[in-house]
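Asks:
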Amino acid sequence: MVTMRTRRAPLLITAASGLLTAALAATPLVFAQTSTLQAVPAVTAAAAVDPSASGTPAADPTALTAERSGQVTRDLERPDLTQVAADRAAAQAKLSDSISSQDKFLSDAEKKAQADAAAKAAADKKAQADAAAKAAADKKAAADAKAAADKKAASASGGYSGKPQDIARQMMAADFGWGDQQFQCYNNIIMRESEWNPTADNPSSDAYGIPQALPGSKMASAGADWATNPATQIKWGLGYVKDRYGTPCAAWSFKSANGWY
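Quick note, the sequence shown lines up with residues -32 to -1, 1 to 229 if you use mature numbering (1 follows the signal peptide of the UniProt record, and there is no 0).
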């Protein structure tokens, strides 16, 4: 046991001796670095006092002054980038406002044009509707007037109405008992005298009306409206044929042979 302790002691002494040696060896390096750092400011300070101390050739003071003056001039002439950006932003905003105003103006104008077009279309449609209503009212009024006139004429003519040929057929059958054959004979006479025109007038003889009564005033015996009412004229004409010839066919035979009846 004593032997082992004796051997450990030299080992510990040796290790401690090695550590001390290493520490002493490192100390000059630290001191050297510190000295170097302290020397740099000293050199710089010396160069500031004596430019030749730095080992660099001294600059010309006049040249330095001119260079610095030019740099200041360029700095003054260079535009302020902040102001340029602000001006550009303001111009862009103004342009945007102008475009928005134009768009709004165009939109308002377009809306007004559409509203005007719609109003015009509505007015045109109403005008067409009013015109159609007026035309329908006028047509109805004309139809009512004609119906009233026909009714009045029928009342004045004993209830007969229609075209003169129709009145003649009705009257021949109802008042004289004559049929289609007698109507054809009477139609042959009248077509050559007046063509069923109630206002036919022969200026050379004063014959007048559908039956060409001579003079026309003779037909007044059949009605006061003899000058305009076809039924009154036909009534007088059929009475004349019956009284003078007996039948329309007998009157037609006489006219065919003599040219008059």
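Virtual Cβ for every residue (Gly too), placed ideally from N, Cα, C. This one's a predicted model, so the numbers in the text were calculated from it and none came from an experiment.
Have a look at the DSSP bridge pairing and note the partners of D169.
Replies: As a position in the sequence shown, residue 169 is number 201, starting the count at 1. The partner list for D169 (beta bridge, DSSP) reads Y176.
Asks: Check whether the stretch 216 to 223 touches the stretch 145 to 161, taking contact to mean three or more Cβ pairs, one atom from each stretch, closer than 8 Å.
Replies: Touching, yes, given that three or more Cβ pairs across the two stretches are closer than 8 Å.
Asks: Just the Cα atoms here: how many angstroms apart are T196 and T167?
Replies: Translated into the one-based positions of the sequence shown, residue 196 becomes position 228. Translated into the one-based positions of the sequence shown, residue 167 becomes position 199. Cα-Cα distance, rounded: 7 Å.
Asks: Could you have a look at A190 and say whether DSSP puts it in helix, strand or coil?
Replies: Position 222 of the sequence shown, counted from the first residue, corresponds to residue 190. DSSP places A190 in coil when its eight states are reduced to three.
Asks: How far does the alpha helix (DSSP H) with A219 in it reach, from first residue to last?
Replies: Looking up residue 219 in the sequence shown gives position 251. Segment 216 to 226, the alpha helix (DSSP H) holding A219.
Asks: By a C-beta neighbour count over all protein chains shown, 10 Å radius and 16 as the cutoff for buried, is Q96 buried or exposed?
Replies: Numbered from 1 along the sequence shown, position 128 holds the residue referred to as residue 96. Label assigned to Q96: exposed.
Asks: Could you have a look at A195 and say whether DSSP puts it in helix, strand or coil?
Replies: Residue mapping note: residue 195 aligns to position 227 of the sequence shown, counting from 1. A195 falls in the coil class under three-state DSSP.
Asks: May I have the straight-line CA-CA distance separating A61 from S68, to the nearest angstrom?
Replies: As a position in the sequence shown, residue 61 is number 93, starting the count at 1. As a position in the sequence shown, residue 68 is number 100, starting the count at 1. C-alpha separation (whole angstroms): 10 Å.
Asks: Can you list, in chain order, the residues of its chain with a C-beta nearer than 7 Å to that of Q150? Leave out the 5 residues immediately preceding and following it.
Replies: Within the sequence shown, residue 150 is the residue found at index 182, counting from 1. Same-chain partners within the cutoff: M140, T215, P216, C217.
Asks: How is the alpha helix (DSSP H) around D134 delimited, first residue to last?
Replies: The residue labelled residue 134 in the question sits at position 166 within the sequence shown. Here the alpha helix (DSSP H) through D134 covers 132 to 139.
Asks: Roughly how many angstroms separate the alpha carbons of D143 and A99, rounded to a whole number?
Replies: Position 175 of the sequence shown, counted from the start, is the residue given in the question as residue 143. Position 131 of the sequence shown, counted from the start, is the residue given in the question as residue 99. Each residue's alpha carbon lies about 48 Å from the other.
Asks: Within 10 angstroms of its Cβ, does G147 collect 16 or more other Cβ (buried), or is it exposed?
Replies: One-based indexing of the sequence shown puts residue 147 at position 179. That one is exposed.
Asks: To the nearest angstrom, how far is the alpha carbon of F73 from that of A103?
Replies: Position 105 of the sequence shown, counting from 1, holds the residue named residue 73. Position 135 of the sequence shown, counting from 1, holds the residue named residue 103. One C-alpha to the other measures close to 44 Å.
Asks: Report the rounded CA-to-CA distance for D174 versus Y213, giving the unit in angstroms.
Replies: Sequence index remark: in the sequence shown, residue 174 carries index 206 (1-based). Sequence index remark: in the sequence shown, residue 213 carries index 245 (1-based). Computed Cα separation, rounded: 23 Å.
Asks: Among the candidates G184, N156, N155, whose CA atom is the shortest distance from the CA of D169?
Replies: On the sequence shown, residue 169 is found 201 positions in, with the first residue counted as 1. The residue with the shortest Cα to Cα distance from D169 is G184.
Asks: Below 8 Å on the Cβ atoms is my guess for N165 versus I157; work out the distance and round it to an integer in Å.
Replies: The residue labelled residue 165 in the question sits at position 197 within the sequence shown. The residue labelled residue 157 in the question sits at position 189 within the sequence shown. The Cβ separation is near 14 Å, so there is no contact.
Asks: What does the alpha-carbon distance come out to for the pair Q138 and Y128?
Replies: What you label residue 138 is simply residue 170 of the sequence shown in a count that begins at 1. What you label residue 128 is simply residue 160 of the sequence shown in a count that begins at 1. Going from the Cα of Q138 to the Cα of Y128 covers about 7 Å.
Asks: Could you give the distance in angstroms between the alpha-carbon of A188 and the alpha-carbon of A101?
Replies: By one-based count along the sequence shown, residue 188 stands at place 220. By one-based count along the sequence shown, residue 101 stands at place 133. Roughly 44 Å separates the two Cα atoms.
Asks: Per DSSP, which one or two residues make a beta bridge with A181?
Replies: Counting from one through the sequence shown, the residue named residue 181 turns up at place 213. Note: A181 sits in a beta bridge opposite Y176.
Asks: Hey, could you find the ends of the alpha helix (DSSP H) E161 is sitting in?
Replies: Here residue 161 refers to the residue found at position 193 when the sequence shown is read from its first residue. Residues 148 to 161.
Asks: Taking the C-alpha atoms as reference points, what is the distance between W204 and W194?
Replies: As a position in the sequence shown, residue 204 is number 236, starting the count at 1. As a position in the sequence shown, residue 194 is number 226, starting the count at 1. Cα to Cα, the separation comes out at about 9 Å.
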